[in-house]
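Visitor: First the structure, which I've put down as structure tokens, then a few questions once you've had a look.
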Amino acid sequence: MTMHAQASNSVLGTSPVLTIDNLSIEFPAYKSTVKALNGVSLHVNPGEIVGVIGESGSGKSVTAMLSLRLLPERAYQVKSGSLSILGRDMLSAREKDLLKVRGRDAAMIFQEPMTALNPTRRIGRQMLDVIIHHQQLSKTDARAKAVALLRDMHIADPEQVMNSYPFELSGGMRQRVMIALAFSCDPQLLIADEPTTALDVTVQRQVLLLLREKARERGTAILLITHDMALVSQFCDRVYVMYTGAVVEQGVTSQVMADPRHPYTRGLLSGLPEQVEPGQDLMTIPGQVPNLSALPEGCTFRDRCAYAMPKCLQRPPMQVIDAVADRKSACWLSEPSHFSAQEMPS
Ligand code: SF4
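For the sequence shown, position 34 matches number 34 in the UniProt record's numbering, and the numbering has no gaps at all.
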């Protein structure tokens, strides 16, 4: 399947595994309200790898956590919108239904496996618990499945890993165990929140290649949360760019990389090493993400945007650039004539 065809799945009638529509949530805080998500819409089709990219405070991790209802229930309020996995409304689902979805239909891979693995229990014990809980296998069959899963993750000595405690393994090996655990119940969706940020660059690439290889083999969709545009360009079929709790640009990765239409996306891209001449410093986007408790009117990127104009005091709607490829941008200057391929904001 081509990337363009994958982007068109929803148009052709294939139901997405994850659908988020106009989702807004707030975190009530002392004397203020943090507007964490402000009308987020995105979807992930079966088998695709979709990136969500943005700086800290963009809402990408909140989106990931909320997708599996992993945020503390009393900490937030849903102000609008919907979120469903395989057609199941996740926002109203009861806890016992959520337990069935988590692991079986959709699983999560976290940045630091030590937070997800129990440090006091051997890896094998933890894997058996998950497999037996979701698949009702005998202990013998579950153990055989766990060994096979670890071997499938290119772990040379699965028995040794099964007998290890998490702290006895390297960071890369722990993340392979987490990926094995995530795939153990053959979920249709994996949500990976900065899964390799804690790893060095070489191991990071190995782990992501493994994740993609196994997802492609099984037809599993991945929602990859990252702040790293280079990872998006290498691993994602489509990408959503988030800023201040909203999607500001989306599309097939190759199109967004080659022809970004939102100045924020252009800023993220200008920080890539391949965009920089030898001897030049990497560019960063000037300014800071606005306070989510006091978002400015209009375009929230205005104070950092080299192209800001009076019209930007009004919030720009998502403008459709290519309906078939689901390519959109929320900028008054989304038309191609406004940006040349070389021009970058200073
Ligand atoms: Fe910049 Fe205006 Fe576009 Fe916002 S709408 S990104 S301020 S040009």
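Yeah, the Cβ is synthetic: ideal placement off N, Cα and C, and Gly gets one too.
Using DSSP with H/G/I as helix, E/B as strand and the rest coil, what is P28?
Guide: Along the sequence shown, read from residue 1 onward, the residue named residue 28 stands at position 28. DSSP places P28 in strand when its eight states are reduced to three.
Visitor: Quick check on the DSSP output: the beta strand (DSSP E) that includes G81 runs from which residue to which?
Guide: The residue you call residue 81 lines up with position 81 of the sequence shown. Element bounds for G81: Q77 to I85.
Visitor: For L190, report the span of its beta strand (DSSP E) as first-last.
Guide: Position 190 of the sequence shown, counted from the start, is the residue given in the question as residue 190. That run of the beta strand (DSSP E) goes L189 to D193.
Visitor: Do you know offhand how far P195's Cα is from C299's?
Guide: Locating residue 195 in the sequence shown gives position 195, counting from the first residue. Locating residue 299 in the sequence shown gives position 299, counting from the first residue. Cα to Cα, P195 sits roughly 31 angstroms from C299.
Visitor: Return the residue from the list R176, D105, A246 and T115 that minimises the CA-CA distance to I85.
Guide: Counted from its first residue, the sequence shown places residue 85 at position 85. When only C-alpha atoms are compared, the closest one is D105.
Visitor: Which runs of the beta strand (DSSP E) fall wholly inside the stretch 223 to 291 and span at least 3 residues, in chain order?
Guide: Those beta strand (DSSP E) runs which fall completely within the stretch 223 to 291 and span 3+ residues are 238 to 243 and 246 to 252.
Visitor: Can K214 and I179 be called in contact, C-beta distance under 8 angstroms?
Guide: As a working mapping, residue 214 is identified with position 214 in the sequence shown. As a working mapping, residue 179 is identified with position 179 in the sequence shown. Yes, Cβ-Cβ distance for K214 and I179 is below 8 angstroms.
Visitor: Whose C-alpha, out of M257, P119, C185 and D129, is nearest the C-alpha of E168?
Guide: Here residue 168 is taken as the residue at index 168 of the sequence shown, counted from 1. The shortest C-alpha separation from E168 is found at P119.
Visitor: In terms of residues, what are the limits of the beta strand (DSSP E) holding K328?
Guide: Position 328 of the sequence shown holds residue 328. Taken as a continuous stretch (DSSP letters only), the beta strand (DSSP E) holding K328 covers R327 to S329.
Visitor: Between which two residues does the beta strand (DSSP E) containing D152 stretch?
Guide: Counting from 1 along the sequence shown, the entry for residue 152 is found at position 152. No beta strand (DSSP E) contains D152, which is instead part of the alpha helix (DSSP H) from K139 to D152.
Visitor: Locate the alpha helix (DSSP H) running through G51, then write down its first and last residues.
Guide: Locating residue 51 in the sequence shown gives position 51, where the first residue counts as 1. That residue, G51, is in no alpha helix (DSSP H); its beta strand (DSSP E) goes I49 to I53.
Visitor: Starting from the C-beta of A142, find all residues in its chain whose C-beta is less than 6 angstroms away, skip the five residues before and the five after it, and write them out in chain order.
Guide: Residue numbering aside, residue 142 sits at position 142 when the sequence shown is read from its first letter. For A142, where only same-chain residues beyond five positions count, the Cβ hits under 6 angstroms are L128, I131 and I132.
Visitor: Based on the DSSP secondary-structure assignment, which residues constitute the bridge partners of I132?
Guide: By one-based count along the sequence shown, residue 132 stands at place 132. I132 is not bridged to any residue.
Visitor: How would you call P263, buried or exposed, if buried means at least 16 neighbouring beta carbons within 10 angstroms?
Guide: Locating residue 263 in the sequence shown gives position 263, counting from the first residue. Buried is the call here.
Visitor: Just how far apart, CA to CA, sit T202 and E73?
Guide: Taking the sequence shown and counting its residues from 1, the one referred to as residue 202 is at position 202. Taking the sequence shown and counting its residues from 1, the one referred to as residue 73 is at position 73. Each residue's alpha carbon lies about 38 angstroms from the other.
Visitor: Work out the CA separation of V248 and T63 for me, nearest whole Å.
Guide: For the purposes of this step, residue 63 is taken as the residue at position 63 of the sequence shown. For the purposes of this step, residue 248 is taken as the residue at position 248 of the sequence shown. Going from the Cα of T63 to the Cα of V248 covers about 15 angstroms.
Visitor: Helix, strand or coil for A7, going by three-state DSSP, please let me know.
Guide: Reading the sequence shown from its first residue, position 7 is the one you call residue 7. Only weak support exists for where A7 lies, its pLDDT of 46 falling under 50; the coordinates are left without a value.
Visitor: Mind checking T253: buried by the 16 CB within 10 Å criterion, or exposed?
Guide: Locating residue 253 in the sequence shown gives position 253, counting from the first residue. Classification of T253: buried, given that the 10 Å Cβ count is 16 or more.
Visitor: In or out: E48 buried (at least 16 other Cβ within 10 Å) or exposed?
Guide: Against the sequence shown, residue 48 aligns to sequence position 48. E48 is buried by the Cβ-count criterion.
Visitor: Between the stretch 206 to 225 and the stretch 93 to 100, are three or more C-beta pairs nearer than 8 angstroms?
Guide: Too few Cβ pairs lie closer than 8 angstroms, so no.
Visitor: Whole-angstrom Cβ separation of N45 and T244, contact assumed at under 8 angstroms?
Guide: In the sequence shown, the residue the question calls residue 45 occupies position 45. In the sequence shown, the residue the question calls residue 244 occupies position 244. The Cβ separation is near 26 angstroms, so there is no contact.
Visitor: Assuming M108 contacts D193 under a Cβ cut-off of 8 angstroms, what Cβ separation, rounded to an integer in Å, is found between them?
Guide: Here the question's residue 108 lines up with position 108 in the sequence shown. Here the question's residue 193 lines up with position 193 in the sequence shown. 7 angstroms between Cβ atoms; contact.
Visitor: Would you report the Cα separation of L23 and L199, rounded to the nearest angstrom?
Guide: Residue numbering aside, residue 23 sits at position 23 when the sequence shown is read from its first letter. Residue numbering aside, residue 199 sits at position 199 when the sequence shown is read from its first letter. Rounded to the nearest angstrom, the two C-alpha atoms are 32 angstroms apart.
Visitor: How close, in whole Å, do the beta carbons of V40 and A246 come, if the pair is a contact with beta carbons under 8 angstroms?
Guide: By 1-based counting over the sequence shown, the position of residue 40 is 40. By 1-based counting over the sequence shown, the position of residue 246 is 246. That belief holds up - the Cβ atoms of V40 and A246 are roughly 6 angstroms apart, short of 8 angstroms.
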